[in-house]
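Numbering (the UniProt record's numbering), first residue to last: 1 to 370. By construction, the Cβ of each residue, glycine as well, lies at the ideal position given by its N, Cα and C atoms. Predicted model, so just to flag it, every value in this text is computed and none were measured.
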């Protein structure tokens with residue numbers, strides 16, 4: 001049996017989420033080596049390298065790519081730098097796995113797509129909730145038609161971030177994060193929603209800044225119609241003291257639902273057949289896989305499997321754009337006060353160029369703590 005070579009990976013950015021990437025890579029020593037790290041803060045980069053036994057340290061991406069032969073780079077920096085760094089990686093010939101959101105606007109996503117088409121190097125997005133065993137199982141059952149048509153769904157990201165969370169100068173600003181919880185928090189949940197239900201057709205939404213010292217919204221709500229006819233509600237909040245993440249899918253023949261916070265196992269899911277469809281419960285149980293927490297490790301393993309097999313890894317730029325388009329349409333609907341259809345936001349639309357569309361109805365916060 002021929003053994004696949006150990007791949008070489010690097011991490012750019014050493015903030016909190018970078019630790020999840022490095023820990024996942026460290027658990028796969030026979031498959032991937034974390035060879036280098038880059039951060040503009042040299043002392044922070046050095047401390048991160050020591051923590052994860054990383055041999056090479058750089059203070060900029062250009063030096064990293066000039067000196068390291070890499071198979072994959074993990075971009076874990078604040079959102080504003082995601083697209084520029086992904087472009088740098090593609091031009092260096094290195095596939096990039098980018099933390100959400102991939103870009104701050106649909107226009108940036110289209111720029112990434114253009115560079116990807118030219119270089120042939122993929123950009124992938126961290127949407128790790130797609131890769132949990134229960135989600136993979138539900139997606140397969142939905143696609144098989146055994147559950148019948150999807151009819152109703154709910155998707156709630158009800159989290160809590162106090163005022164001090166937004167003291168970081170890049171948080172809560174359109175130009176740095178692209179948006180509030182719709183872009184930075186709930187996007188994981190409604191990406192999983194889309195991965196199960198398929199293409200969305202229309203969204204009607206509201207968004208507001210009710211409590212936090214931000215320029216962006218701190219809550220949004222949306223009603224989404226899918227191509228299948230399914231209707232879904234999507235709520236994204238950072239002002240909810242009892243934190244939870246909930247998704248529920250009502251098909252003709254069964255309900256599947258999950259409640260968790262920042263990651264789920266199969267045990268967090270509940271499956272309820274409709275009367276007369278009790279045999280589906282056995283099917284759900286029979287096809288259960290290992291009960292591992294859905295997180296970065298599962299997506300990274302899936303990426304390594306795809307790279308080793310010469311197959312396209314997920315989550316592709318096209319799939320990530322569909323998710324980001326729902327975020328853009330949520331803002332456009334909320335601020336324009338009308339429904340927005342999928343595909344309606346063309347290249348010249350203000351909500352394609354930026355998530356706020358130049359139409360935020362509240363005043364920006366003028367002064368902040370550093």
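Going by beta-carbon coordinates alone, are residue 126 and residue 146 separated by less than 8 Å?
Residue 146 sits away from residue 126, with the two beta carbons spaced by 8 Å or more.
Burial state of residue 160, where buried means 16 or more other Cβ atoms lie within 10 Å:
exposed
Bridge-paired residues (DSSP) for residue 7
32
Suppose the cutoff is 6 Å on Cβ atoms and the five residues either side in sequence are ignored; what does the same chain contact list for residue 202 look like?
225, 339 and 341
What is the DSSP secondary structure of residue 286, counted as helix, strand or coil?
helix
Use the C-beta contact count for residue 210: other C-beta atoms within 10 angstroms, 16 or more gives buried, fewer gives exposed.
exposed
Do residue 6 and residue 37 come within 8 Å of each other at the CB atom, strictly closer than that value?
no
Please work out which residues of its chain come closer than 7 Å, Cβ to Cβ, to residue 26, disregarding the five sequence neighbours upstream and downstream, and give them in chain order.
34 and 52
Please report the residue range of the alpha helix (DSSP H) in which residue 222 lies.
Per DSSP, residue 222 belongs to no alpha helix (DSSP H); it is in the beta strand (DSSP E), 219-226.
Could you check what DSSP says for residue 72 in three-state terms: helix, strand or coil?
strand
Would you identify the three-state DSSP class for residue 303, choosing helix, strand or coil?
helix
Residues in its own chain within less than 7 Å of residue 272 by CB, not counting five upstream and five downstream?
254 and 255
Do residue 129 and residue 97 come within 8 Å of each other at the CB atom, strictly closer than that value?
no
Cβ pair count under 8 Å reaching 3, the region 167-187 against the region 210-220
yes
Given this structure, state the Cα-to-Cα distance separating residue 216 from residue 92, to the nearest angstrom.
34 Å
In three-state DSSP terms, what is residue 262?
coil
Please work out which residues of its chain come closer than 8 Å, Cβ to Cβ, to residue 350, disregarding the five sequence neighbours upstream and downstream, and give them in chain order.
357, 358 and 359
Nearest-angstrom Cα distance between residue 42 and residue 59?
6 Å
Kindly indicate the opening and closing residues of the beta strand (DSSP E) around residue 334.
Residue 334 -> not in any beta strand (DSSP E); alpha helix (DSSP H) instead, spanning 317-336.
Alpha carbon to alpha carbon, what distance is there between residue 11 and residue 21?
8 Å
Using only alpha-carbon positions, find the residue among 48, 245 and 234 that is nearest to residue 153.
234
So residue 192 packs on residue 247, CB below 8 Å; how close in whole Å?
6 Å
In chain order, what residues of the same chain lie with their CB nearer than 6 Å to the CB of residue 250, ignoring the 5 residues before and after it?
151 and 152
Can you give the Cα-Cα distance for residue 173 and residue 66, rounded to whole angstroms?
33 Å
For the beta strand (DSSP E) that residue 81 lies in, which residues bound it at each end?
Counting along the chain, residue 81 falls outside any beta strand (DSSP E), and DSSP gives it neither H nor E.
Quick check on the DSSP output: what are the complete alpha helix (DSSP H) runs of length 4 or more inside the UniProt region "Disordered" (343-370), in order along the chain?
350-353
With C-beta atoms as the reference, is residue 170 less than 8 Å away from residue 242?
no
Quick check on the DSSP output: what are the complete beta strand (DSSP E) runs of length 3 or more inside the UniProt domain "GFO/IDH/MocA-like oxidoreductase" (137-255), in order along the chain?
150-160, 200-208, 219-226, 231-237 and 239-251
Can you tell which of 48, 195, 8 and 346 has its C-alpha closest to the C-alpha of residue 14?
48
Going by DSSP in three states, residue 12 sits in which element: helix, strand or coil?
Note: residue 12 maps to strand in three-state DSSP.
Ends of the beta strand (DSSP E) at residue 56?
56-58
Applying the criterion that 16 or more other CB atoms from any shown protein chain within 10 Å of the CB defines a buried residue, is residue 374 buried or exposed?
In the structure as shown, the chain begins at 1 and stops at 370. Residue 374 is therefore absent and cannot be evaluated.
Going by alpha carbons, who is nearest to residue 111 out of 221, 317 and 240?
317
What is the C-beta distance between residue 205 and residue 221, in whole angstroms, given that I count them as a contact (C-beta under 8 Å)?
Taking the Cβ atoms as the reference, residue 205 lies roughly 7 Å from residue 221, within the contact range of under 8 Å.
Kindly give me the distance between the Cβ atoms of residue 61 and residue 88, rounded to whole angstroms, as I take these residues to be in contact under 8 Å.
5 Å
Leaving out five residues on either side along the sequence, give the residues of the same chain with a beta carbon under 8 Å from the beta carbon of residue 293.
Its chain contains 132, 263, 264 and 265 as the residues whose beta carbon lies nearer than 8 Å to that of residue 293, once the 5 sequence neighbours on both sides are disregarded; these appear in chain order.
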